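Scroll down for the structure; my scribbles are underneath it.
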Amino acid sequence: MCDCCSEDSLRLNILVLLGPPGGGKGTQAKKIVEEFGYGHFSTGDALREEVKNQTEIGKQAKAIMESGELVPDELLGAMVKGRIERAAGTEGIILDGYPRTVSQAEFLATFTGDMQVSAVNIAVDQEQIVKRLSGRRFCPGCGTIYNISFSPPASEGICDKCGTRLERRKDDYEEVIRERLRVYEEKTQPVVDFYRESGSYFEVDGNKSPEEVFHEVDKIVRSV
Ligand code: AP5
7 MCDCCSEDSL RLNILVLLGP PGGGKGTQAK KIVEEFGYGH FSTGDALREE VKNQTEIGKQ
67 AKAIMESGEL VPDELLGAMV KGRIERAAGT EGIILDGYPR TVSQAEFLAT FTGDMQVSAV
127 NIAVDQEQIV KRLSGRRFCP GCGTIYNISF SPPASEGICD KCGTRLERRK DDYEEVIRER
187 LRVYEEKTQP VVDFYRESGS YFEVDGNKSP EEVFHEVDKI VRSV
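Note that this note's numbering has the sequence shown beginning at 7, numbered continuously upward.
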């Protein structure tokens, strides 16, 4: 029996976080980790790490990510499968940013058939997204995310937790944000429909505050 078919993995809860760029997937994932002890796998973070380390995957992904397009499915398949296999026996795992195409969703289904897969879609209005993403800053030291409008650091441009200078993602400028939203509508909205038909699909209003959104997410995670 391989790792991904063991009894441990059959009990694994997989929580697919869906939602537009800047919808708050990463923000809510951190809260779920704190509250429920789930593992967190963000394909965006994993790809940025590959880019930083100048790996073969990183070299292929860099320009694509900076333009707001999606990287080819085959760059991520083995990475996601490996991460889910390593989560066997844990409370659960959050997939943040995967799947993003129907073919990725179909690939995921090929090896998670006996696991509990639930999808939570964080729905947010487009203009709110542009405001959130153009205001997002992150700490390259400890990974804390800030927003200059909604959750600024105490001292401008400096991380409250570790004192590192904050940075702005290259894809968080308005032109690229608009392209990411276009790609989302074209390629990822069909994934929402895919899960809506699957029976374990939930939607929350992501326009509210992070705490209010988490109040809804919390109830969902407890119910699955
Ligand atoms: P990725 O990093 O996954 O980007 P994304 O999906 O566009 O999502 P973001 O990380 O931008 O936003 P988020 O929803 O996590 O929001 P956050 O919580 O940070 O992917 C980047 C790129 O990698 C893609 O464009 C693609 O090229 C590639 N890629 C990744 N996965 C792929 C895949 N599966 N297939 C192919 N390519 C892939 O919040 C955003 C901001 O808003 C923050 O400042 C935050 O503080 C603030 N905020 C959050 N919630 C609230 C709230 N409720 N109220 C007010 N402000 C809030």
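Here a beta-carbon is modelled for each residue, glycine too, at the ideal position from N, C-alpha and C. Model, not experiment: these values are computed from the prediction.
Return yes when at least one heavy atom of ligand 1 lies under 7 Å from the C-beta of S48, else no. Position 42 of the sequence shown, counted from the start, is the residue given in the question as residue 48. Yes, Cβ of S48 sits closer than 7 Å to a heavy atom of ligand 1.
Using only the alpha-carbon positions, how far apart do D9 and G88 sit? For the purposes of this step, residue 9 is identified with residue 3 of the sequence shown, where counting begins at 1. For the purposes of this step, residue 88 is identified with residue 82 of the sequence shown, where counting begins at 1. Bear in mind that a pLDDT of 47 at D9, under 50, signals an unreliable position, so the number given afterwards is only what the model happens to contain. The straight-line gap from Cα to Cα measures roughly 10 Å.
With hydrogens ignored, establish whether the beta-carbon of L139 is closer than 7 Å to any heavy atom of ligand 1. The count along the sequence shown starts at 1 and reaches residue 139 at position 133. Under cutoff, so the answer is yes.
Leaving out five residues before and five after I183 in sequence, what residues of the same chain have Cβ atoms less than 6 Å from its Cβ? Locating residue 183 in the sequence shown gives position 177, where the first residue counts as 1. Hits under 6 Å: V136, L139.
CB contact flag (K31, D79, <8 Å): Position 25 of the sequence shown, counting from 1, holds the residue named residue 31. Position 73 of the sequence shown, counting from 1, holds the residue named residue 79. It is not a contact, given that the beta carbons lie outside the stated cut-off.
Close-in-space but distant-in-sequence residues of the same chain around M7 (CB under 6 Å, 5 per side omitted): Taking the sequence shown and counting its residues from 1, the one referred to as residue 7 is at position 1. Caution is warranted here: a pLDDT of 42 is assigned to M7, below 50, making its placement in the model unreliable, and no coordinate value can be reported.
Ordered along the chain, which non-local residues of its own chain (more than five positions away) have a Cβ less than 6 Å from that of C11? Residue numbering aside, residue 11 sits at position 5 when the sequence shown is read from its first letter. In this predicted model, C11 has a pLDDT of only 47, less than 50, meaning its place in the structure is not dependable; the value taken from the coordinates is given anyway. Closer than 6 Å at the Cβ level, and outside the excluded window around C11, lies no residue.
Cross-strand partners of G102 (DSSP beta bridge): Counted from its first residue, the sequence shown places residue 102 at position 96. Looking at the sequence itself, residue 102 is Asp, so the reference to Gly does not match. Partner(s): L23, S48.
Return yes when the Cβ of I99 is within less than 8 Å of the Cβ of L23, no when it is not. Reading the sequence shown from its first residue, position 17 is the one you call residue 23. Reading the sequence shown from its first residue, position 93 is the one you call residue 99. Against a cut-off of 8 Å, the Cβ pair of I99 and L23 comes out as no contact.
C-beta atoms of V210 and L21 nearer than 8 Å: Your numbering for residue 210 matches position 204 in the sequence shown. Your numbering for residue 21 matches position 15 in the sequence shown. Result no, Cβ atoms of V210 and L21 do not sit closer than 8 Å.
Determine the direct distance from the alpha carbon of Y44 to that of K167, and round the result to whole angstroms. In the sequence shown, residue 167 corresponds to position 161, counting from 1. In the sequence shown, residue 44 corresponds to position 38, counting from 1. Going from the Cα of K167 to the Cα of Y44 covers about 23 Å.
Enclosing beta strand (DSSP E) for Y207 [first to last residue]: Looking up residue 207 in the sequence shown gives position 201. Looking at the DSSP string, the run of the beta strand (DSSP E) that includes Y207 is 207-211.
Put Y152 into one of helix, strand or coil per three-state DSSP. Here residue 152 refers to the residue found at position 146 of the sequence shown. It is a strand residue.
By the DSSP assignment, the alpha helix (DSSP H) with Q195 in it spans what residues? In the sequence shown, counting from the first residue as 1, residue 195 sits at position 189. Q195 -> alpha helix (DSSP H) spans 195-202.
Run through the DSSP bridge pairs and tell me what E173 is partnered with. Counting from 1 along the sequence shown, the entry for residue 173 is found at position 167. BP columns for E173 point to F144.
Could you spell out the range, first to last residue, of the beta strand (DSSP E) harbouring Q122? Within the sequence shown, numbered from 1, the residue matching residue 122 stands at position 116. Run containing Q122: 122-129, per the beta strand (DSSP E) assignment.
Which residue marks the beginning of the alpha helix (DSSP H) containing S60, and which one marks its end? The residue labelled residue 60 in the question sits at position 54 within the sequence shown. In the sequence on display, residue 60 carries Gln and not Ser. Careful: Q60 lies outside any alpha helix (DSSP H) and carries neither H nor E.
Just reading off the alpha helix (DSSP H) that R92 is part of, what are its end residues? Translated into the one-based positions of the sequence shown, residue 92 becomes position 86. Counting along the chain, the alpha helix (DSSP H) containing R92 begins and ends at 83-92.
Count Cβ pairs between the segment 105-125 and the segment 187-202 that sit closer than 8 Å; are there 3 or more? yes
So is the beta-carbon of K176 under 7 Å away from any non-hydrogen atom of ligand 1? Taking the sequence shown and counting its residues from 1, one reaches residue 176 at position 170. No.
Below 8 Å, how does it come out for the segment 173-187 and the segment 67-82: are there three or more Cβ pairs, yes or no? yes
What is the C-beta distance between S124 and V39, in whole angstroms, given that I count them as a contact (C-beta under 8 Å)? By 1-based counting over the sequence shown, the position of residue 124 is 118. By 1-based counting over the sequence shown, the position of residue 39 is 33. Actually they do not touch by this definition, with Cβ atoms about 16 Å apart.
Relative to the alpha-carbon of G29, which residue among Y207, E162, E133, I90 has its alpha-carbon at the smallest distance? One-based indexing of the sequence shown puts residue 29 at position 23. If we check each option's Cα against that of G29, E133 comes out closest.
List the whole-angstrom C-beta distance separating I154 from G169, where the pair is believed to meet the contact cut-off of C-beta under 8 Å. In the sequence shown, the residue the question calls residue 154 occupies position 148. In the sequence shown, the residue the question calls residue 169 occupies position 163. Contact doesn't hold; Cβ gap of about 18 Å is too wide.
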